[in-house]
Structures are given as C-alpha cells and as structure tokens.
Amino acid sequence: MERRNFIKTTGLIGGAYALSVPAALATTSSLTNSVAPEATFWLDGPMRWAQLAFVERDPGHYDPDFWLNYFKKIHADGALLSAGGIVAFYPTKIPLHHRSDFMGNSDTLGYLVEGCKKQGMKIMLRTDPHAARQDVYDAHPDWIAVTVDGKPRRHWANPDLWVTCALGPYNFDFMTQVNQEIMEKFQPEGIFSNRWHGHDICYCEHCKTNFKAASGLELPKAADKLDPTYRKWADWKMKRLREVWSVWDAGIRKQKPSARFIPNGFPDKVMTGKEADLFFADQQARKGLTAPWANGKGAKELRSTLGLKPLIGIFSVGIEEEYRWKDSVQSDAEIRIWVAEGTANGMRPCFVKFGGDIYDKRWMESVAKLYEGYYKNEKYLRNTAPMARVGVMYSEQTDRNYGGKPWQQKSSDHLDGVYHNLVESRIPFDMVNDRLLTPEDLKRFKLLILPNIAALSDAQCKQIQAFVANGGSIVSTFETSLYDEEGKQRADFGLASLFGVSYDQKVEGPLRNSYLQLRNDAKNSQTQLILKGLDDTPRIINTIYKVNVKPTANATFPSPITLIPTYPDLPMEDVYPRVAETDTRELYLRQVGKGRVAYIPGDLDRSFWQMLGVDHGQLLSNVINWALDEEPIAAVTGPGVIDVNVWRQDKSMTVHLVNLTNPMMMKGPFRELIPVEAQVSVQVPVGAKVTGVKLLMSGQSPKFELKGGKVTVNVPKILDHEIVALDLA
C-alpha cells in the first residue's frame, strides 16, 4: 500500500517561488492513494461514527431502539459495535468464547447490526482479546500472560479475569476463530481490536521459547529502552504483532475482500500508514496536564504516514483521568474542543459510550449539535490535500533509542514546546515522520523543524541535506543528529555541515541564572526580525541546558544572541554577573543556497514548554518565521489562542479556526467557551476563482475583500470551532 497522497505540481504562492506547490494550491486536486480497488469505498466512506461499547449486562437490560433513534438523529453513518473477545454479544458457537450471561436466547449484536444497516450505516465490529475467564485458564493455562516472577497475571482492574498473552496461541489461534465467526455471521466492513497488543513483558512458555529462537537470548527482566536485550525484545514483539495483524487481516479479507482488520495502537506509525487502508485513532480525551491540542497532534502524527486515508478519531464522552469514571460525563465545552481539534486536523469523529444504559445524558445534545454541523457541511470536510508549508519532525527511533543522561530527560518536551509555539503563533503546520524524508515526502514543505531529533542515520542526514540543497529551510535544536539511528553518539553532528558548527564535547546545565544577550543592530533587517518583540530589553533568560559548539572554519554568522554565563542567585548580595557578556553565540543562522538554516544549541523548545516563558516563545517564533521566509497561506489576527489548519477540497478551500482561549487550556476540563473574533487573510490558489465565502459552523455568508490574490474576511465570533470556506471555480 502506498502511504502518500499529495498531488505533484508547481507554481507561485503569493508571488514567492515555492519549492513545489502542493495539490492544495492548484486549481484542482485529487487523491493519489494506491489502495486495493475493493477498499476504495473507504475514501468516500462514513464521516460521523458512533461507538457503543457493550457491558455484559446490556443484553435484555438496555434499549437498542433508543440508540438506533439517536444514531439517526445525529446523522451517524458509521457504527463501531462490541462483538466478542472477553464477552460475546451474539450466540457464539466457539468453545471458551464467553457468551454474555444476560443474553438468553437473543442476539444483542445482531439486532443492532440489522437496525444500523437499515439506516444505511457502515458497520465495524470490535473485539477485545486482552483478558479471559477462569474456564479459559483451566483449559489453556499457556494462553495466560506470566509476570517476571513466574506467576500467571491477574487482571489489574478485575481480579476475576486473567490477562492473556498477546503473542501466543490465544491471539493466533483462538481469536482467529472468533474473527472468522464474526465475519461469517455479520459481514461487517472490518474488525477493530482493542487492547490486542499485550501489557508489559510476558514470560509465558511461548514467549520464552519464541524469543530465544529468534534472538538466542533470554527475555529481559525489565523494561529499559537502553538495554540491548530489551531493544531486541521490543523489535521481536513488534514483528510478532505484525504477524498477528497479518493473520487476522488475511482471514477477514477471505470472508469479505473489502473488509480490514484495524489494530488499535500498533507501535509503528510508518508500518501503520503503509499497511492500513483506514485507521481508528483511540485518543479519547485529555487528562492531567494534557493540552487540548493533543488530539490534533495525534492526528497530525498519524496523517504523516497515512496521508489522506480515512482517519477516524474516537472520543470519549466519559472522564479519562487516572481513576476512571466511565458512567459520568465530561463538560460540554471540553467535548466540543477535543472534537474540534480532531476534525480540524483531518479526523472523522467517533463518539464512544461505555454501556447501553445512560445515567447522565448531558453529553448527547452536545454531540448531536456537533454532528449536525458536520453533516450539513460534509463536502467541506472531505479533504483532498493539506496546505501547510511547515513540517515538524517527530522521531519514533529517537524515542526508542535516546536518553539516560540528565539533559536527555523529558525529551518529548522539545516537540511539545515547538507544537505549542506554532499554535500560539497561528502558523499552519503538519507533522513529518523522520523515516519518511524522500523528496516526494517533503516536496510540499518549505520549512522543516527538528526539535531535538537526536537519533538520525547517515541516510536520514543526507535526505535532510538534500532538502536544503533543493531550497528548503530547517530549524534544529540541541542534540539533533548527534546520535545515529541506534542511539550511538557520533564524534560530531551528522548535520554539522548544515549547522556550520561542530560539537565541542560538552553539554552544560542546568544553567542557573544564565541569560541570553540580545545584540540589536538597527541596520540589520535579519537581526530586527530575530529580535522582534524583544526590543525593550538587553537580555532574556537562557535555556536550561545547552550544547557547547564551535563554528567551523569556513562558517560566518551574525551574532544577535550571545551568552551571559551563570552567576549566583543567592545570597542576594552576590546576585550580579561576573561576566557582563561574551562572544559565545547561542543562535546560528545561515543562508544555504535558496534555503535557510537555524541551529539553536540550547533546549529552547523544551525550556519554553516547561516554563512557558513569553520571551522564549517570542524568540522561537521569530526564528521560525525567519527560516520560513514566505508569507503564510493563512494569516489570522485578533485576540486569544487559535489553532489554524488549512485544507483543500475538490471545489473549495477551508481554514479551520479552533478557539483554545481558556483559563483551563493547560488543565482541563474547560468550564465554558470564551468567544473571540478574528480577521482571516487567505491566499487564493493560483488560477482559482473565488465564488463565495462562508462561515460554516455559524452558517453565515460574510462580506469579504479580494485583493492581491488574497481573501480577507472578518470572523465576528469563534466559540469553539469555526471553518472559513472559500468556494472555488
């Protein structure tokens, strides 16, 4: 399966030459996914999904017609329904496949499937193979997961159940039979499996034998990503899960060629994008200190490998904190913002309700209103191409192979800092997987941001160098490219020739009471751009850690930002700089052909995320804008925090505005939605004619100005989600 779907074309964007203009900026566009012919219906398939996750007592206890009526009311065109695994909700004939004790002679699942099909809905059925009852344990103790001390693993939440081994006969043999029976009986469009991939390291006889045969090693005693044996086990586990996926998918396709197995949470996004014709993203809600844009971030990461294959975003109406209360509900505002973030980033919404009984109905009208708006504007949500010119790289291999040293802790904060900064800066952007860096993968981007992408292979470094040689720009931070793909430290950065600096054998920090000196040069426009918004101060706080570097012999740099070294912060009498300023640069800017390169030796992105310092955010935004060196596709002005995403459809172009302005932005749930207004300026695709402008979610047709190839429109009120749509001829 091909993973990409972006049209190849060239042209002008707002008068500036583009590397290669994406399909979004051409007057017409279409998908170029290569998928099996029998599966192409998914591309035009369901847009609004409903998931009902049965509990065992639902049969005979809940009202299925209530749910069918609700599905119809909200214009749901896809249903994800629980079928089997831990509990069968139909009259299964497979020994040890536990049939609901409450079902009697009825067919709970069959009734709902038939009702959904009569309403024209597509059906996906759900299994959950992660736990089993005592009779399974008694008949096949080898199917049960084993802990490191050799004990069969009891379920952590329900001690009456046993946790199954995901990599042995229970999944390969027993669940294959379950899948076959489900497909034969109901002929769904596919089977989605939850918690199918196992929990922790399993020490059962099958895992011991199979891992030893594959690696020659004993199973690792603990999960330590820097332990070579654990790494081999992680690779082996991924291969075994891929085998499970392949076995289940082949059996499902045999029963119905267009049907698919959907593996929830497969631990390799590139493999997911390559093999899956559609995908359900189980990102149900936020908890703790999760930012509300996290749903959009997950969507962006998956779309970087799936392209525009259908991505369905499962969202929970229940509360997702550590201690789960699944029969209670989230606030209206929290649900709306989470769903808006997913939809704005290309996901098709799918609510999930645990249990057919309803104790709290407050969520139902919220979802109905959301789905009604999406239903009325469906043609504007069938995206054919993303339009972002900025790509933010994320690295699964860095996550796996990097860490252990003090300055490498909380390494995910680098990406979160860049992500949040781009949202605050209202710059449309997408994510880029570091294993998909071919010219075809990158041709639609002008700028790549590498937030401490520490582990890169020589081949990946050459791909990034080629991107810059072709006119692209990059912004890199901290230890980017200092390690190879396995996490082995290099003598120098793999991208040293681009950075124009070499590693000077040391990482400093944490830097207490250290500062960045701002050297303003009124005659230098580059310096003015880098220091924009920082005019009234000679210095700002430094990053928490910094890599020591030295310029290469043939590299010259401007020096807008230099180091003020650490000095005491106590006692108060000693709080003064011992060295007033230095010539040590803390930002390296280069013009490389038609591209620009910015290297920041400090952990500016991570420091920004951890402190949310205004000055750090301003500096990071300035560096990104300098490197981008072109006008944005959409510019949004006005108060508040607004996440901006831009898409192309067959006969239109849309700008999604998600209003994150809220005192509960960094610790949910939202209590209320606080409206903001905005002015939006959008570059019109080359050769296109604007025939109208709409505000889709509020149902308005506002006045707009068309001048210099740009449409400007005032959006008087953004509550949670507004979509500015340009109809194009």
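Counting with mature numbering (1 follows the signal peptide of the UniProt record, and there is no 0), you get residues -26 to -1, 1 to 703 for the letters of the sequence shown.
Note that beta-carbon positions come from the ideal geometry of N, C-alpha and C, so glycine has one too.
All figures in this text were calculated on a predicted structure; none of them were measured in a lab.
Buried or exposed for residue i, going by 16 or more other Cβ atoms inside 10 Å?
i: N145; result: buried
i: G673; result: exposed
i: W130; result: exposed
i: L544; result: exposed
i: L191; result: exposed
i: T501; result: buried
i: S3; result: Interpretation of S3 is limited by its pLDDT of 33, a score under 50 that renders its predicted location unreliable; no figure is taken from the coordinates.
i: V687; result: buried
i: P(-5); result: For P(-5), the predicted model reports a pLDDT of 38, less than 50, meaning its position is unreliable; a value from the coordinates is still stated below. Buried: at least 16 other Cβ atoms inside 10 Å.
i: N153; result: buried
i: P484; result: exposed
i: V122; result: exposed
i: T246; result: buried
i: G637; result: Looking at the sequence provided, one finds Pro at residue 637 rather than Gly. By the neighbour-count rule (16 or more Cβ atoms within 10 Å), P637 is not buried but exposed.
i: A554; result: exposed
i: G661; result: exposed
i: M640; result: exposed
i: D75; result: exposed
With residue i as the anchor, note down where its beta strand (DSSP E) starts and where it stops.
i: R564; result: 562 to 566
i: D543; result: That residue, D543, is in no beta strand (DSSP E); it is neither H nor E in DSSP.
i: I697; result: 695 to 702
i: T611; result: 608 to 611
i: T526; result: Here T526 belongs to no beta strand (DSSP E), and DSSP marks it neither H nor E.
Please say whether residue j and residue i have beta carbons closer to each other than 7 Å?
i: P69; j: D81; result: no
i: L421; j: S447; result: yes
i: T665; j: A699; result: no
i: L490; j: N516; result: yes
i: A362; j: D404; result: yes
i: M671; j: R322; result: no
i: G461; j: N375; result: yes
i: Q383; j: L411; result: no
i: L86; j: A105; result: no
i: H394; j: P425; result: no
i: G272; j: A255; result: yes
i: D116; j: E179; result: yes
i: Y519; j: W381; result: yes
Go through its chain and collect everything with a Cβ distance to residue i's Cβ below 7 Å, but skip five positions before and after it.
i: G612; result: V650, E651, A652, Q653
i: H590; result: L578, S581, F582
i: D548; result: P542
i: G569; result: V442, G445, G446, S447
i: H71; result: G58, A62, V152
i: R645; result: S305, A307, M638
i: P194; result: I175, D201, T203, Y204, W207
i: I648; result: T635, N636
i: D603; result: S447, R570
Quick check on the DSSP output: the alpha helix (DSSP H) that includes residue i runs from which residue to which?
i: Q25; result: Q25 -> not in any alpha helix (DSSP H); beta strand (DSSP E) instead, spanning 23 to 27.
i: D415; result: 413 to 416
i: P202; result: 202 to 229
i: T372; result: 370 to 375
i: T183; result: 179 to 189
i: V397; result: 386 to 399
i: F45; result: 38 to 47
i: F160; result: 149 to 160
i: I309; result: 306 to 318
Who are the near neighbours of residue i in its chain, counting only those whose CB is closer than 6 Å to its CB and skipping five residues on each side?
i: R552; result: Y541
i: R234; result: G164, D251
i: A140; result: H171, G172
i: I423; result: V366, V392, V449
i: P690; result: E651
i: K628; result: Looking at the sequence shown, residue 628 is not Lys but Thr. If we look at T628 and ignore the five residues flanking it on each side, its Cβ neighbours are Y354, W621, I697, A699.
i: V397; result: W267, D617
i: G330; result: D32, Y36
i: S399; result: S595
i: D306; result: S340
i: Y297; result: none
What residues in its chain sit with their C-beta under 8 Å from that of residue i, if we drop five residues either side in the sequence?
i: S93; result: The sequence given here has Gln at residue 93, not Ser. Same-chain partners within the cutoff: L42, F45, K46.
i: R356; result: D18, M21, Q623, D624
i: E158; result: Q229
#### Entry: Segments of 3+ residues assigned as beta strand (DSSP E) that fall wholly inside the region 320 to 354
322 to 328
### Message
To test your reading of the DSSP string, which unbroken beta strand (DSSP E) runs of 3 or more residues are found completely within the region 433 to 505?
### Response
447 to 451, 475 to 482, 489 to 492
#### Entry: Length at least 3, wholly inside the region 71 to 144: the beta strand (DSSP E) runs in chain order
96 to 102
#### Entry: beta strand (DSSP E) runs wholly inside the region 245 to 291, at least 3 long, in chain order
253 to 256, 285 to 290
### Query
Going along the chain, which unbroken runs of the alpha helix (DSSP H) with 4 or more residues stay wholly within the region 553 to 598?
578 to 585
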